[in-house]
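Asks:
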Amino acid sequence: MYYDHFVLPFTIGLIVLLGYLCVKYYKWIKSFPKEERKKIRKGLFSLKTIHSGWEIFRESLLHHNIFKTNPMLGYMHMTFAFGWFLLIVVGKIESMVYHTSAFNPPYFAIFFRYFHPAKETFPYSEFFVFLMDLILTFLLIGILLAVTKRFCSRIFGMKKTTKQRAYDLLILTVLWLIFPVRFLAESFTSGLNGGGSFLTYNAGNFFSGFLPLENLSYPAWWLYSSLLGLFFLLLPFSRYMHIPTEMVYIFLKNWGVKQGKEYNGFSEIQVNSCSRCGICINTCQLNTSCNINDTQPVYFLRRLRNHEEYAKQAEDCLMCGRCENSCPVGINLNAIRQSKRPDILRVTKETYAYVPQPEVKPAKVAYFAGCMSHLTPGIIKSMQQIFEKAKADYTFIDEKAGVCCGRPLALSGNWKAAQVVMDKNLQMIDASQADILVTSCPICYKTFKEDYLLNIKIMHHTEYIDMLIREGKLKVNALDLKTVFHNPCELGRGCGVVDAPENVLKQVSQKIPTAYDGKKSLCCGGSLANTAIDATQKTKISSDTVKAYAAYQPDVIVTACPLCKKTLGKTSLEIPVKDIAEVVAEA
Numbered sequence: 064m065y066y067d068h069f070v071l072p073f074t075i076g077l078i079v080l081l082g083y084l085c086v087k088y089y090k091w092i093k094s095f096p097k098e099e100r101k102k103i104r105k106g107l108f109s110l111k112t113i114h115s116g117w118e119i120f121r122e123s124l125l126h127h128n129i130f131k132t133n134p135m136l137g138y139m140h141m142t143f144a145f146g147w148f149l150l151i152v153v154g155k156i157e158s159m160v161y162h163t164s165a166f167n168p169p170y171f172a173i174f175f176r177y178f179h180p181a182k183e184t185f186p187y188s189e190f191f192v193f194l195m196d197l198i199l200t201f202l203l204i205g206i207l208l209a210v211t212k213r214f215c216s217r218i219f220g221m222k223k224t225t226k227q228r229a230y231d232l233l234i235l236t237v238l239w240l241i242f243p244v245r246f247l248a249e250s251f252t253s254g255l256n257g258g259g260s261f262l263t264y265n266a267g268n269f270f271s272g273f274l275p276l277e278n279l280s281y282p283a284w285w286l287y288s289s290l291l292g293l294f295f296l297l298l299p300f301s302r303y304m305h306i307p308t309e310m311v312y313i314f315l316k317n318w319g320v321k322q323g324k325e326y327n328g329f330s331e332i333q334v335n336s337c338s339r340c341g342i343c344i345n346t347c348q349l350n351t352s353c354n355i356n357d358t359q360p361v362y363f364l365r366r367l368r369n370h371e372e373y374a375k376q377a378e379d380c381l382m383c384g385r386c387e388n389s390c391p392v393g394i395n396l397n398a399i400r401q402s403k404r405p406d407i408l409r410v411t412k413e414t415y416a417y418v419p420q421p422e423v424k425p426a427k428v429a430y431f432a433g434c435m436s437h438l439t440p441g442i443i444k445s446m447q448q449i450f451e452k453a454k455a456d457y458t459f460i461d462e463k464a465g466v467c468c469g470r471p472l473a474l475s476g477n478w479k480a481a482q483v484v485m486d487k488n489l490q491m492i493d494a495s496q497a498d499i500l501v502t503s504c505p506i507c508y509k510t511f512k513e514d515y516l517l518n519i520k521i522m523h524h525t526e527y528i529d530m531l532i533r534e535g536k537l538k539v540n541a542l543d544l545k546t547v548f549h550n551p552c553e554l555g556r557g558c559g560v561v562d563a564p565e566n567v568l569k570q571v572s573q574k575i576p577t578a579y580d581g582k583k584s585l586c587c588g589g590s591l592a593n594t595a596i597d598a599t600q601k602t603k604i605s606s607d608t609v610k611a612y613a614a615y616q617p618d619v620i621v622t623a624c625p626l627c628k629k630t631l632g633k634t635s636l637e638i639p640v641k642d643i644a645e646v647v648a649e650a
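Written out as structure tokens, the structure reads:
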């Protein structure tokens, strides 16, 4: 009874889409390492699944994270996602109440206004028609905002939006037309048969005054169905693949699946979860300082997805994590980029044979300064003073000889080479018999925590100093000094160390709050991860970072990384740049 040939484009498109998604997700998940597939089986029937459902509602439909970053942009995305969801759910409930059965054809709810004669009534029919008109209005406002953003992005506080190609523009146009055409189809039908509510009823009466609605109503429903079908068919090969894939990704990450060193099916799921919202473009300092706007994750991931050349985008990145921190989907952007950098074994065990194995005396605390700390000896001197004042039982394991922690090699994708230097350092760490490993370099800190698989406590010197002060082992006096804190990329965003340096700095100075505190910190520009930009471009990033912190008029710009201190110090000519350990030593 409830059938017309115009439902075929919608039905065929939906069946093809669901079949494609099932096959694609099965292939991707099948490629996961065995231990990751075990996590799926373990997490499937746990509370993590319920938590994932809530996160999907909050992020995939309401776009909570985008709201936090850009309320207007968040509202625009929410009108599409949540509005379309409500249109489907409320429409289904309406059709079930009318049909008194849940088992009506899937297209029935979508084209309910065509199949349901206006003269017929059913329980709550007036309420449903009002609610559906309200949801449709909500969606049309979203379309208006989307068109405005495309042609005038600055209204949304965005300097740049994602550059679109012909195929992207095609499916974008299809999406923009779906709901206006539905509005016209329902309005034309209402103008012919009556019915509708505040939106479609009044619009139908308006159109009936000058349009031949009897000739336009049926073709409008055909066009609406065709647009839906075409959108479903184009979706898997467009940015809108993120709509279903983001939901799959949320379940997987909450079940404990992680991005490894190699690119695999989980990487593909993350790549296809990118909505290309463009937030990463405006948070990237390569864009804001150097006007490099073709290497951000939105473009890198698009190249991966389209099987295009990506070598330049893989290398041209600071790996500072600002994009990852702001990504509303929570994609492991740095790890994916690292997995696409060539793993070439450029060193062997013999490479570092010239470095003597130092004699390490056993102690409770092992201090590893790292390469950059040896190039900024003021930090080492301050840490030694702090150890002595706290009467710590420590050993300086790389005081006279040592090699890099291995992270710069890992950042370039050379995991095999990194393992060689890691093995060298493991011998020293094991020889110390220490309970705690302290390092002054966040780069070393991150790799010790994530890649060395050590069975001892690993602390950055900010955490260690904070612990000493809290336990009363280190007495400090507040200096008459106004400070701002530059939290290094690898420390704040990379390892989540935010509270410890803040606590320490408040104890020893007058800490000035800034817009860049915590995980919002700017990159110093001296990143070891980027091999594509030149010294002038790095200096420009560094200079802009200094200006941003100097605007708060501090006496000292404080950081907690020897590389950051060295990089920022070169461009900060008027305001001194110090490591937090140096400030504590003065106090």
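To convert a position in the sequence shown, counted from 1, into my numbering, add 63. Even glycine gets a Cβ: it sits at the ideal position worked out from N, Cα and C.
(1) For the beta strand (DSSP E) that L500 lies in, which residues bound it at each end?
(2) My output table needs one value for R545: the three-state DSSP class, helix, strand or coil.
(3) With DSSP run on the structure shown, which of helix, strand or coil describes Y287?
(4) With distance defined between alpha-carbon atoms, name the residue in N278, E277, S280, S253 nearest to N268.
(5) Pick helix, strand or coil for Q600, following the three-state DSSP scheme.
(6) Determine the burial state of S115: buried for a count of at least 16 other Cβ atoms within 10 Å of its Cβ, exposed for fewer.
(7) Hey, how far is the Cα of L124 from the Cα of E372?
(8) Roughly how many whole angstroms lie between the Cα atoms of K463 and A481?
(9) Can you find the residues in the same chain that come closer than 7 angstroms, C-beta to C-beta, to W91, ignoring five residues on each side of it along the sequence?
(10) Between the alpha carbons of S271 and H127, how many angstroms are there, rounded?
(11) Can you tell me which of the three DSSP states I442 falls into?
(12) Give me the DSSP bridge partner(s) of Q573.
(13) Which first and last residues belong to the beta strand (DSSP E) in which A42 is found?
(14) Return yes when the Cβ of L290 is within less than 9 angstroms of the Cβ of F143, no when it is not.
(15) On a Cα-Cα basis, can you pick out the residue from G106, H370, V428 that is closest to K403?
(16) Nearest CA to the CA of N354: which residue from E526, Q600, K155, L107?
(17) Pull up the distance between the alpha-carbon of Y438 and that of I528, whole angstroms please.
(18) Compute the distance between the beta-carbons of Q570 and A614, then report whether it is under 9 angstroms.
(19) Which residues mark the beginning and the end of the beta strand (DSSP E) in which V640 is found?
(20) Figure out for me which residue from Q348, Q490, K479, S288 has the closest Cα to the Cα of K324.
(21) Within the region 102-160, note down every full alpha helix (DSSP H) run reaching 4 residues or more, in order along the chain.
(22) Among L591, N518, Q359, which one has its Cα closest to the Cα of C468?
(23) Applying the 10 Å Cβ sphere with the 16-neighbour rule, what's the burial state of A374?
(24) Which of the three DSSP states is assigned to V646 in this structure?
(25) For E189, is the classification buried or exposed, using 16 other Cβ atoms within 10 angstroms of its Cβ as the cut-off for buried?
(26) Please work out which residues of its chain come closer than 7 angstroms, Cβ to Cβ, to G205, disregarding the five sequence neighbours upstream and downstream, and give them in chain order.
(27) Taking C-alpha atoms, which residue in P405, V484, I156, G76 lies nearest to G433?
(28) Going by CA-CA distance only, name the one from C504, D461, A473, P471 that's closest to L489.
(29) State buried or exposed for H305, treating a residue as buried only when at least 16 other CB atoms are found within 10 Å of its CB.
(30) Can you look up I355 in the DSSP assignment and give me helix, strand or coil?
(31) My assumption, with CB atoms under 8 angstroms, is that G259 sits in contact with G384. Please give the rounded CB distance.
(32) Under three-state DSSP, which class holds Y579?
(33) Taking the DSSP output, what are the residues bridged to V619?
(34) With C-beta atoms as the reference, is D618 less than 9 angstroms away from L544?
(35) Helix, strand or coil, according to DSSP, for F459 in the structure here?
(36) Identify the residues that DSSP records as bridge partners of K512: which are they?
Replies: So, from the data block:
(1) Numbered from 1 along the sequence shown, position 437 holds the residue referred to as residue 500. Start and end: 499-502.
(2) Walking along the sequence shown from the start, residue 545 turns up at place 482. For the sequence presented, residue 545 should be read as Lys rather than Arg. Correct three-state label for K545: strand.
(3) Numbered from its first residue, the sequence shown carries residue 287 at position 224. In this structure, Y287 counts as helix in the three-state DSSP scheme.
(4) Numbered from its first residue, the sequence shown carries residue 268 at position 205. Of N278, E277, S280, S253, the residue nearest in Cα terms is S253.
(5) Your numbering for residue 600 matches position 537 in the sequence shown. Here Q600 sits in helix by DSSP.
(6) Here residue 115 refers to the residue found at position 52 when the sequence shown is read from its first residue. Buried is the call here.
(7) As a working note, residue 124 is residue 61 in the sequence shown. As a working note, residue 372 is residue 309 in the sequence shown. If you take the alpha carbons of L124 and E372, they lie about 33 angstroms apart.
(8) Numbered from 1 along the sequence shown, position 400 holds the residue referred to as residue 463. Numbered from 1 along the sequence shown, position 418 holds the residue referred to as residue 481. The straight-line gap separating the alpha-carbon atoms of K463 and A481 is approximately 21 angstroms.
(9) Within the sequence shown, numbered from 1, the residue matching residue 91 stands at position 28. Here the set comprises G328, E331, I332.
(10) Counted from its first residue, the sequence shown places residue 271 at position 208. Counted from its first residue, the sequence shown places residue 127 at position 64. Cα-Cα distance, rounded: 41 angstroms.
(11) Within the sequence shown, numbered from 1, the residue matching residue 442 stands at position 379. Looking at I442 - three-state DSSP - the assignment turns out to be helix.
(12) On the sequence shown, residue 573 is found 510 positions in, with the first residue counted as 1. In DSSP, Q573 forms a bridge with K545.
(13) The structure shown does not extend to residue 42, since the chain is modelled only from 64 to 650, so the question has no answer here.
(14) Here residue 143 is taken as the residue at index 80 of the sequence shown, counted from 1. Here residue 290 is taken as the residue at index 227 of the sequence shown, counted from 1. No, the pair does not count as a contact, with Cβ atoms beyond the cut-off.
(15) Indexing the sequence shown from 1 puts residue 403 at position 340. Per the Cα distances, H370.
(16) On the sequence shown, position 291 is the one that residue 354 refers to. Per the Cα distances, Q600.
(17) Residue mapping note: residue 438 aligns to position 375 of the sequence shown, counting from 1. Residue mapping note: residue 528 aligns to position 465 of the sequence shown, counting from 1. The identity of residue 438 in the sequence shown is Leu, whereas the question assumes Tyr. Taking the straight line from one Cα to the other gives about 21 angstroms.
(18) For the purposes of this step, residue 570 is taken as the residue at position 507 of the sequence shown. For the purposes of this step, residue 614 is taken as the residue at position 551 of the sequence shown. No.
(19) In the sequence shown, the residue the question calls residue 640 occupies position 577. Where V640 is concerned, the enclosing beta strand (DSSP E) stretches over 640-642.
(20) In the sequence shown, the residue the question calls residue 324 occupies position 261. Checked all of Q348, Q490, K479, S288; the closest Cα to K324 is K479.
(21) 110-118, 127-132
(22) Numbered from its first residue, the sequence shown carries residue 468 at position 405. Minimum Cα-Cα distance from C468 among the listed residues L591, N518, Q359 corresponds to L591.
(23) Taking the sequence shown and counting its residues from 1, one reaches residue 374 at position 311. Flag for A374 reads exposed.
(24) In the sequence shown, counting from the first residue as 1, residue 646 sits at position 583. Looking at V646 - three-state DSSP - the assignment turns out to be helix.
(25) For the purposes of this step, residue 189 is taken as the residue at position 126 of the sequence shown. So E189 ends up on the exposed side.
(26) In the sequence shown, residue 205 corresponds to position 142, counting from 1. The answer, listed in chain order, is M139, T142, F143, G146.
(27) For the purposes of this step, residue 433 is identified with residue 370 of the sequence shown, where counting begins at 1. Taking only the C-alpha atoms, the option nearest G433 is V484.
(28) Here residue 489 is taken as the residue at index 426 of the sequence shown, counted from 1. Of C504, D461, A473, P471, the residue nearest in Cα terms is D461.
(29) In the sequence shown, the residue the question calls residue 305 occupies position 242. Result: buried.
(30) As a first step, residue 355 must be located in the sequence shown, where it is residue number 292. In the structure shown, I355 sits in coil (DSSP, three-state: anything other than H, G, I, E or B).
(31) For the purposes of this step, residue 259 is identified with residue 196 of the sequence shown, where counting begins at 1. For the purposes of this step, residue 384 is identified with residue 321 of the sequence shown, where counting begins at 1. With 8 angstroms as the limit, G259 and G384 do not qualify as a contact, their Cβ atoms being about 51 angstroms apart.
(32) Within the sequence shown, residue 579 is the residue found at index 516, counting from 1. Looking at Y579 - three-state DSSP - the assignment turns out to be coil, as it is neither helix nor strand.
(33) In the sequence shown, counting from the first residue as 1, residue 619 sits at position 556. Per DSSP, T546.
(34) Numbered from 1 along the sequence shown, position 555 holds the residue referred to as residue 618. Numbered from 1 along the sequence shown, position 481 holds the residue referred to as residue 544. Going by beta carbons, D618 and L544 fall inside the 9 angstroms limit.
(35) The residue you call residue 459 lines up with position 396 of the sequence shown. Look at F459 here: in three-state DSSP terms it is strand.
(36) The sequence position of residue 512 within the sequence shown is 449, counting from 1. Bridge partners of K512: none, in fact.
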